[in-house]
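Mapped onto mature numbering (1 follows the signal peptide of the UniProt record, and there is no 0), the consecutive letters of the sequence shown carry residue numbers -22 to -1, 1 to 292. No residue lacks a Cβ here, since even glycine has one placed at the ideal position from N, Cα and C. In this text, all values refer to a predicted model and were calculated from it rather than measured experimentally. Below is one structure, written out as structure tokens, with a few remarks after it.
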Amino acid sequence: MEIYPFFFVLFLTAIRDGSTDSIPPGECRECSDGSGCVYRYQFCNGWIKCDNGEDENEDICRELDCEKGEMKCADGIDCFPEYTLCDYRGYCKDDSDEDPEMCKNRTCPTDTTKCSDGIECFSQDDRCNGNALCKTGDDEDIEMCKDFQCLPDHVKCADGLQCIRTKDLCDGYTQCNDGSDESKDTCEDFQCPQGHVKCADGLQCMNTYNLCDGYIQCNDDSDESKETCSDFDCGEHKFKCQDGIQCIYKNGLCSGWTDCKDKSDESPEVCNDYKCPENKVKCKDNIQCIYKSALCDQYPTCRDNSDEDEDMCK
């Protein structure tokens, strides 16, 4: 009979009743060796959290119930998510979640179909999406996909075999295996969705929200070009950097962190006359704004360390 240290016994007693309520959501149990704190979902999941391994103790794990939506491996120790059952990816150390005989005998969930090898189940969403789920390729069978009607808000690629979401058309990222969703034939006359605009190439659509933000979205770089951004109105919540091109959010002004590529949002020219928001205060350099809650907390936030000066803390 194995003898456990006293504090280990207390630790195990706290969870060995098998109830998921024994450790409330969001709370954890301290390891008896003080090496960490273990949340309920981390017990008996095959990954050791406590240095002494008590959270994966086999005797306790055999008694502990799995959480809702989980199943026990055949060894009675580890738990695994039900949705990973028979998905060709072994989760259990003993591979019992991928046991061929068990998988062949199980019933697929409603609205799903078994692959011809009798193991994985695939849904209507998995059919003809260009990514074979079945190892046997049943869900991407060419003859089936030729006659397959795409789901609502989906469209067929030019090859007539693959379905993609309509919103993925002409977005600069190829979804169709034949590349037709980003082709000139498809995108030249394509009308972008509301809130989107065409890049200069006349093919790619991008969200107007991301125009002139300093991060290139268009494959031709036109969303961040001088031609596009010089006359672009950033809007009331954004500030145009001194380069006249990039827009940044005003709450990033004079924060001590550079957002403008030309660093103008942290320059004396901009920040000396800048009024900090009500929940912030200026450092002694008259440039940087910091949250009032960071004042005098023994952790310097101002670049000049003035938030910890006696004068600021009176």
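Is residue i near residue j, with beta carbons less than 7 Å apart?
{"i": "GLN153", "j": "ASP146", "result": "yes"}
{"i": "CYS64", "j": "GLU98", "result": "yes"}
{"i": "ASP240", "j": "CYS219", "result": "yes"}
{"i": "LYS262", "j": "TYR269", "result": "no"}
{"i": "ASP43", "j": "ASN30", "result": "no"}
{"i": "CYS39", "j": "SER74", "result": "no"}
{"i": "ASP135", "j": "SER161", "result": "Looking at the sequence provided, one finds Cys at residue 135 rather than Asp. No, these two residues do not count as a Cβ contact at 7 Å."}
{"i": "ASP149", "j": "CYS128", "result": "no"}
{"i": "ASN155", "j": "GLY115", "result": "no"}
{"i": "GLY68", "j": "LYS82", "result": "no"}
Helix, strand or coil: how does DSSP classify residue i here?
{"i": "CYS261", "result": "coil"}
{"i": "SER203", "result": "coil"}
{"i": "ASP240", "result": "coil"}
{"i": "CYS291", "result": "helix"}
{"i": "ASP191", "result": "coil"}
{"i": "ASP37", "result": "helix"}
{"i": "VAL285", "result": "Looking at the sequence shown, residue 285 is not Val but Asp. Residue state, collapsed to three classes: helix."}
{"i": "CYS45", "result": "For the record, residue 45 in the displayed sequence is Glu; it is not Cys. If DSSP states are grouped into helix, strand and coil, GLU45 belongs with coil."}
{"i": "GLY31", "result": "coil"}
{"i": "GLY230", "result": "helix"}
{"i": "CYS280", "result": "coil"}
State the beta-bridge partners of residue i as determined by DSSP.
{"i": "ILE26", "result": "Per DSSP, none; premise fails for ILE26."}
{"i": "VAL248", "result": "Answer is none; VAL248 lacks a bridge partner."}
{"i": "residue 301", "result": "Residue 301 lies beyond the stretch modelled for the chain, which goes from -22 to 292, so this question has no answer here."}
{"i": "CYS225", "result": "LYS218"}
{"i": "CYS6", "result": "TYR17"}
Please check the pair residue i and residue j, which I expect to be a contact at CB under 8 Å, by giving their CB distance rounded to whole angstroms.
{"i": "CYS106", "j": "CYS93", "result": "Not a contact, Cβ separation roughly 14 Å."}
{"i": "THR279", "j": "ASP287", "result": "The Cβ separation is near 12 Å, so there is no contact."}
{"i": "GLY24", "j": "ASP56", "result": "5 Å"}
{"i": "LEU273", "j": "CYS291", "result": "7 Å"}
{"i": "CYS165", "j": "LEU181", "result": "4 Å"}
{"i": "ASP243", "j": "CYS232", "result": "7 Å"}
Beta carbon of residue i: closer than 6 Å to some heavy atom of the ligand NAP?
{"i": "GLN140", "result": "The ligand NAP is not among the ligands present in this structure, which contains no ligands whatsoever."}
Please tell me whether residue i has its Cβ less than 7 Å away from any Cβ of chain B.
{"i": "HIS215", "result": "No chain B is part of this structure, which consists of one protein chain only."}
Open item on the list: Extract the residue ranges of the alpha helix (DSSP H) inside the stretch 100 to 188, only unbroken runs of 4 or more that lie entirely within it.
Closed with: 120 to 125 and 162 to 165
TODO: Mind listing, in chain order, the continuous alpha helix (DSSP H) runs of no fewer than 4 residues lying wholly within the stretch 49 to 99?
DONE: 78 to 83
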